[in-house]
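Here the sequence shown is numbered in the working numbering, starting from 30 and rising by one per residue.
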Amino acid sequence: MSASACRARPGNTPLTSHGPSWGLGGDPSRPSRLGPRRTERRMFALSDKHRAMGRVPETVELLMNACDASPGEPADEPLLGVASQTAVFKYWRSLPRPSGIPDASSFNPAAVKRYLPSLTILSFNSPDEISHRLVGTEVTSRLDADLTGANLLDFVPPETRLQCARDMHEMGYRPCAWQARHVTRYASGLISHVMTLYLPLRAPEGQPPRILGMHKSEETSGYDAGDRKTVFGAHFERMVWIDVGFGVPG
Numbered sequence: 030m031s032a033s034a035c036r037a038r039p040g041n042t043p044l045t046s047h048g049p050s051w052g053l054g055g056d057p058s059r060p061s062r063l064g065p066r067r068t069e070r071r072m073f074a075l076s077d078k079h080r081a082m083g084r085v086p087e088t089v090e091l092l093m094n095a096c097d098a099s100p101g102e103p104a105d106e107p108l109l110g111v112a113s114q115t116a117v118f119k120y121w122r123s124l125p126r127p128s129g130i131p132d133a134s135s136f137n138p139a140a141v142k143r144y145l146p147s148l149t150i151l152s153f154n155s156p157d158e159i160s161h162r163l164v165g166t167e168v169t170s171r172l173d174a175d176l177t178g179a180n181l182l183d184f185v186p187p188e189t190r191l192q193c194a195r196d197m198h199e200m201g202y203r204p205c206a207w208q209a210r211h212v213t214r215y216a217s218g219l220i221s222h223v224m225t226l227y228l229p230l231r232a233p234e235g236q237p238p239r240i241l242g243m244h245k246s247e248e249t250s251g252y253d254a255g256d257r258k259t260v261f262g263a264h265f266e267r268m269v270w271i272d273v274g275f276g277v278p279g
């Protein structure tokens, strides 16, 4: 996780103005990186990426080339000790993967019925729109709002929107999985830590990638009487990039 915003690579122009990284909530006390830039554990070829998730639109290429993904811990499986998320990850890994990533059509909700209330499914409509296709009842109840059709990027801090978009597209188009422990501030003013797991799914031909999400909220940890607006990723405490066969950023 980087303390700077979506850091432009040499020779590239950022797509929007920079703000603090969504990974650390702009905490200036954190180092800009977790250490020396890590060599890819498996460098994927462009042909591999196209086979896994289909053609990458030019607008997505521009986003991916504009800056780096947030640094995080490399792993081969979820690390945060959330039993339900580990169970869903194991189910996801058991699905047929003819292109390297499970097809969205192979996901059977009945197979993870007990976890459905905490699941979401996201679709990459454009670099600036990642919409909720499905939102579980537990997520809806916690937020006191139905996010079906809503853009995920509208619920992150404005100054970190670009970094969030960049990281989400890393999951969808590399592809890889991701897990994090972060702070969510609800419209009620309540503040809670949330553990999120994101897993890539290949959409039908001609459609953008999808992400299967799973969320576990902890007990309320505070209250903010200020802006009554739901904010995801107000602060991140841990971020894990999970290699599913195409490497991880670093």
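The C-beta atom is built at its ideal place from N, Cα and C for all residues, glycine as well.
So what does DSSP say about D196, is it helix, strand or coil?
Mapped onto the sequence shown, residue 196 falls at position 167. If DSSP states are grouped into helix, strand and coil, D196 belongs with the helices.
What's the C-alpha gap between P146 and E167?
Taking the sequence shown and counting its residues from 1, one reaches residue 146 at position 117. Taking the sequence shown and counting its residues from 1, one reaches residue 167 at position 138. Answer to the nearest angstrom: the Cα atoms are 5 Å apart.
Less than 7 Å separating the beta-carbons of A133 and A232?
For the purposes of this step, residue 133 is taken as the residue at position 104 of the sequence shown. For the purposes of this step, residue 232 is taken as the residue at position 203 of the sequence shown. Contact: yes.
Determine the direct distance from the alpha carbon of M197 to that of E90, and round the result to whole angstroms.
Numbered from its first residue, the sequence shown carries residue 90 at position 61. Numbered from its first residue, the sequence shown carries residue 197 at position 168. Cα-Cα distance, rounded: 13 Å.
Q208 - DSSP class collapsed to helix/strand/coil:
Indexing the sequence shown from 1 puts residue 208 at position 179. Correct three-state label for Q208: strand.
Quick check: the region 223-230 against the region 114-121, are there 3 or more CB pairs under 8 Å?
yes
Distance check for A209 and W270, CA to CA, integer angstroms please.
Here the question's residue 270 lines up with position 241 in the sequence shown. Here the question's residue 209 lines up with position 180 in the sequence shown. Going from the Cα of W270 to the Cα of A209 covers about 9 Å.
Could you tell me how far apart the beta carbons of G201 and F275 are, in whole angstroms, since I believe they sit closer than 8 Å?
Indexing the sequence shown from 1 puts residue 201 at position 172. Indexing the sequence shown from 1 puts residue 275 at position 246. Not quite, the Cβ-Cβ distance comes to about 11 Å (not below 8 Å), so this is no contact.
T166 Cβ short of 6 Å to the ligand FMN heavy atom set:
Ligands displayed in this structure: none; no statement on the ligand FMN is therefore possible.
Please report the distance separating the alpha-carbon of D97 from that of T88.
Taking the sequence shown and counting its residues from 1, one reaches residue 97 at position 68. Taking the sequence shown and counting its residues from 1, one reaches residue 88 at position 59. Roughly 16 Å between the two C-alpha positions.
Buried or exposed: where does G178 fall if 16 or more other Cβ atoms within 10 Å of its Cβ makes it buried?
Residue mapping note: residue 178 aligns to position 149 of the sequence shown, counting from 1. With fewer than 16 Cβ atoms within 10 Å of its Cβ, G178 is classed as exposed.
Suppose you measure from the CA of S160 to the CA of N180; what does that come to, to the nearest Å?
Within the sequence shown, residue 160 is the residue found at index 131, counting from 1. Within the sequence shown, residue 180 is the residue found at index 151, counting from 1. Rounded to the nearest angstrom, the two C-alpha atoms are 4 Å apart.
Coil, strand or helix - Y120 by DSSP:
Here residue 120 refers to the residue found at position 91 when the sequence shown is read from its first residue. Helix, per DSSP.
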